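J.: Let me give you the structure first, and then I'll get to my questions.
Numbering (UniProt numbering), first residue to last: 1 to 236.
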């Protein structure tokens, strides 16, 4: 349908049709398809995958394909070799001057998309909703952990996370309990390790009265979740 619209009325009309179609994909297991929100120059539906990585920010010069990328604020770039490969495969696209890797929907149609296809950036978005997006670069997605919890646990079970990190598992348990009325508990384990290369995280923890260690990121997250939940109960 989108391809036909592209041939008949052009790329702008095809993109408009695609955006309208994607509004109907609200089921939890079908949300992955919303990533495929672009019509390319050939009329094919594609997904622009971010080419940044959770590494130290740095400039990237690639004279072989005449590209210079300035450093991002908090993340690094994929390797030079990766960019050159994508360029020669015609899979390097730009949106608002930023490079992305092009994934065609047609390349995925022969195999079902895994329900575990949660993108790593979702974990960061979960923290951003709590005002903590700058605190932890590689947080696990809440929705993914909720899926495992609901698959494997029942009422009064204890969920233990030996590498608690930013506390995603705790939030997932809390949300699952609110949704199904169960009374699961969680135990989090995280080594007390000083935060060294994230001044924003250090400043935020000190502001809330915590020492600047990784384990306190989860404690702060739980404090914010608890305060939000109490506020919602008062509003009800």
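Ideal placement from N, C-alpha and C gives every residue a C-beta, glycine not left out. These numbers come from a predicted model, not from an experiment.
#1: Look up residue 49 in the DSSP assignment and say whether it is helix, strand or coil.
#2: Determine contact between the stretch 126-135 and the stretch 201-211, defined as no fewer than three beta-carbon pairs at a distance below 8 Å.
#3: Starting from residue 144 and walking both ways along the alpha helix (DSSP H), at which residues does that stretch end?
#4: Considering only the alpha carbon of each residue, which of 58, 42, 186, 89 lies closest to residue 75?
#5: What's the gap between the Cα of residue 128 and the Cα of residue 136?
#6: Pull up the CB-CB distance for residue 95 and residue 172, whole angstroms please, since I reckon it's below 8 Å.
#7: Using a Cβ-based criterion (distance less than 6 Å to any ligand heavy atom), does residue 188 qualify as near the ligand ADP?
#8: Determine the DSSP secondary structure at residue 192, reduced to helix, strand or coil.
#9: Figure out for me which residue from 81, 123, 98, 210 has the closest Cα to the Cα of residue 166.
#10: Can you say whether residue 184 is buried or exposed, counting buried as having 16 or more other CB atoms within 10 angstroms of its CB?
#11: Indicate whether residue 102 and residue 91 have their beta-carbon atoms separated by less than 7 Å.
#12: Would you identify the three-state DSSP class for residue 11, choosing helix, strand or coil?
#13: Per DSSP, what kind of secondary structure is residue 219 in: helix, strand or coil?
#14: At the level of alpha carbons, what is the spacing between residue 139 and residue 7?
#15: DSSP state of residue 6, grouped into three classes?
#16: Using alpha carbons as the reference points, say which of 80, 45, 4 lies closest to residue 106.
#17: In whole angstroms, give me the CA-to-CA distance for residue 80 and residue 51.
#18: Using a 10 Å radius around the Cβ and a threshold of 16 neighbouring Cβ atoms, would you call residue 146 buried or exposed?
#19: Does the stretch 213-233 come into contact with the stretch 146-155, if we say contact requires no fewer than three beta-carbon pairs (one atom in each stretch) closer than 8 Å?
#20: Within 10 Å of its beta-carbon, does residue 159 have 16 or more other beta-carbons around it, so buried, or fewer, so exposed?
#21: Can you give me the C-alpha to C-alpha distance between residue 86 and residue 40, rounded to a whole angstrom?
#22: Give the range of the alpha helix (DSSP H) segment to which residue 241 is assigned.
T.: So, to answer that:
#1: Within the chain shown, the letter at position 49 stands for residue 49. Three-state DSSP puts residue 49 in a strand.
#2: yes
#3: By one-based count along the chain shown, residue 144 stands at place 144. Taken as a continuous stretch (DSSP letters only), the alpha helix (DSSP H) holding residue 144 covers 142-152.
#4: Along the chain shown, one-based indexing puts residue 75 at 75. Taking only the C-alpha atoms, the option nearest residue 75 is 58.
#5: Taking the chain shown and counting its residues from 1, the one referred to as residue 128 is at position 128. Taking the chain shown and counting its residues from 1, the one referred to as residue 136 is at position 136. So the alpha carbons of these two residues sit roughly 10 Å apart.
#6: The count along the chain shown starts at 1 and reaches residue 95 at position 95. The count along the chain shown starts at 1 and reaches residue 172 at position 172. In fact, because the Cβ distance is near 31 Å, the residues do not count as touching under 8 Å.
#7: In the structure shown, the ligand ADP is absent, as is every other ligand, since no ligand is present at all.
#8: The residue you call residue 192 lines up with position 192 of the chain shown. Residue 192: coil per DSSP, three-state reduction.
#9: Taking the first residue of the chain shown as 1, we reach residue 166 at position 166. Answer by Cα proximity: 123.
#10: In the chain shown, the residue the question calls residue 184 occupies position 184. That one is buried.
#11: Against the chain shown, residue 102 aligns to sequence position 102. Against the chain shown, residue 91 aligns to sequence position 91. Yes, the Cβ-Cβ distance between residue 102 and residue 91 is below 7 Å.
#12: Translated into positions along the chain shown, residue 11 becomes position 11. It is helical.
#13: Position 219 of the chain shown, counted from the start, is the residue given in the question as residue 219. Helix at residue 219.
#14: The residue given as residue 139 occupies position 139 in the chain shown. The residue given as residue 7 occupies position 7 in the chain shown. Their backbone Cα atoms lie some 42 Å apart in a straight line.
#15: Here the question's residue 6 lines up with position 6 in the chain shown. DSSP places residue 6 in helix when its eight states are reduced to three.
#16: Translated into positions along the chain shown, residue 106 becomes position 106. Among 80, 45, 4, the Cα nearest to that of residue 106 is on 45.
#17: By 1-based counting over the chain shown, the position of residue 80 is 80. By 1-based counting over the chain shown, the position of residue 51 is 51. Their backbone Cα atoms lie some 11 Å apart in a straight line.
#18: As a working note, residue 146 is residue 146 in the chain shown. Under this definition residue 146 is a buried residue.
#19: no
#20: Looking up residue 159 in the chain shown gives position 159. Per the 10 Å Cβ criterion, buried.
#21: Residue numbering aside, residue 86 sits at position 86 when the chain shown is read from its first letter. Residue numbering aside, residue 40 sits at position 40 when the chain shown is read from its first letter. Rounded to the nearest angstrom, the two C-alpha atoms are 15 Å apart.
#22: Absent from the model: residue 241. The displayed extent of the chain is 1 to 236, so no value can be given.
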